[in-house]
Amino acid sequence: MMLKVDQLSKSFDNQLILDSIFFEIEKGDTAAILGPSGSGKTTFLNIAGMLDTADSGNVYFNGQDVSYLAEKERSEFRNKHIGFIFQMHYLLPQCTVLENVLIPTLTYNSKNEKLLALSRAEYLLEKMGMIEHKHKLPGQLSGGECQRTAFVRALINQPELILADEPTGSLDEESADILANELIHLNKEFNTTLIVVTHSLRLAEKMNKTWHIHNHQLTTD
Numbered sequence: 000m001m002l003k004v005d006q007l008s009k010s011f012d013n014q015l016i017l018d019s020i021f022f023e024i025e026k027g028d029t030a031a032i033l034g035p036s037g038s039g040k041t042t043f044l045n046i047a048g049m050l051d052t053a054d055s056g057n058v059y060f061n062g063q064d065v066s067y068l069a070e071k072e073r074s075e076f077r078n079k080h081i082g083f084i085f086q087m088h089y090l091l092p093q094c095t096v097l098e099n100v101l102i103p104t105l106t107y108n109s110k111n112e113k114l115l116a117l118s119r120a121e122y123l124l125e126k127m128g129m130i131e132h133k134h135k136l137p138g139q140l141s142g143g144e145c146q147r148t149a150f151v152r153a154l155i156n157q158p159e160l161i162l163a164d165e166p167t168g169s170l171d172e173e174s175a176d177i178l179a180n181e182l183i184h185l186n187k188e189f190n191t192t193l194i195v196v197t198h199s200l201r202l203a204e205k206m207n208k209t210w211h212i213h214n215h216q217l218t219t220d
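Numbered by numbering that gives the first Met the number 0, the letters in the sequence shown go through residues 0 to 220 in order.
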């Protein structure tokens, strides 16, 4: 099992958000998590991605319990194994498309690593139809083009897991469909595990499995 969450619970200000959650997904598989606003979808994703910690329960990544790693270890683990995509692209406005994509590789030390990262960035930008925009600033792009750039940034370190929080939520229906299909295509090409939190049934139907958060519980179809 690539990712397993077991008996995970989380509260904020004494208000229960997640209660004894269980979730698992195989390498290369895709899953959507649906639920009303405020149900805990993003909280779950943040804990699974090691951006937050649970009150109780465990998160296993390829069999390794990563629940209680020190903060530095968590950061290094995230950067190496996990890519994040959010509803807002969070591109740095002063950096070009290519520079934004390469931000996760700034920790690379060797010249060879940096050259390989540049080659991969240009390959992925080409795949996403963004190579001709690589020297543009985010302010010169459409919303869909900014999200494509964010997709490439999430993939640049060849993560085993992609966590996407409402990745098409800010786009019109046509742009959302195009980006969803591109995300699925990249998932298949690189055998990257994909978990998507979404309100969109159209996006959820493209995933292999659908889970629902309701009354603090996570269940699957």
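Even for Gly, the Cβ is constructed at its ideal location relative to N, Cα and C.
Quick caveat: nothing in here was measured; it's all calculated off a predicted structure.
- Query: Excluding five sequence neighbours on each side, which residues of the same chain lie with their C-beta closer than 6 angstroms to the C-beta of H88?
  - Reply: C145, Q146, A149
- State the start and end residues of the unbroken alpha helix (DSSP H) segment that holds Y107. Y107 -> no alpha helix (DSSP H), and no H or E assigned at all.
- Query: Would DSSP call I46 helix, strand or coil?
  - Reply: helix
- Given D18 as reference, the closest of K208, A53, A31 once Cα atoms are compared: A53
- Query: Roughly how many angstroms lie between the CA atoms of R152 and P103, to the nearest whole one?
  - Reply: 7 angstroms
- Message: With distance defined between alpha-carbon atoms, name the residue in H134, R77, E70, S109 nearest to V296.
- Response: In this structure the chain extends from 0 to 220, so residue 296 is not present and cannot be described.
- Looking only at DSSP bridge pairs, what is I194 linked to? A30, L162
- Item | Through-space distance from Q86 to I177, alpha-carbon basis | 15 angstroms
- Query: Using 8 angstroms as the Cβ pair cut-off and three pairs as the minimum, do the region 110-121 and the region 191-205 touch?
  - Reply: no
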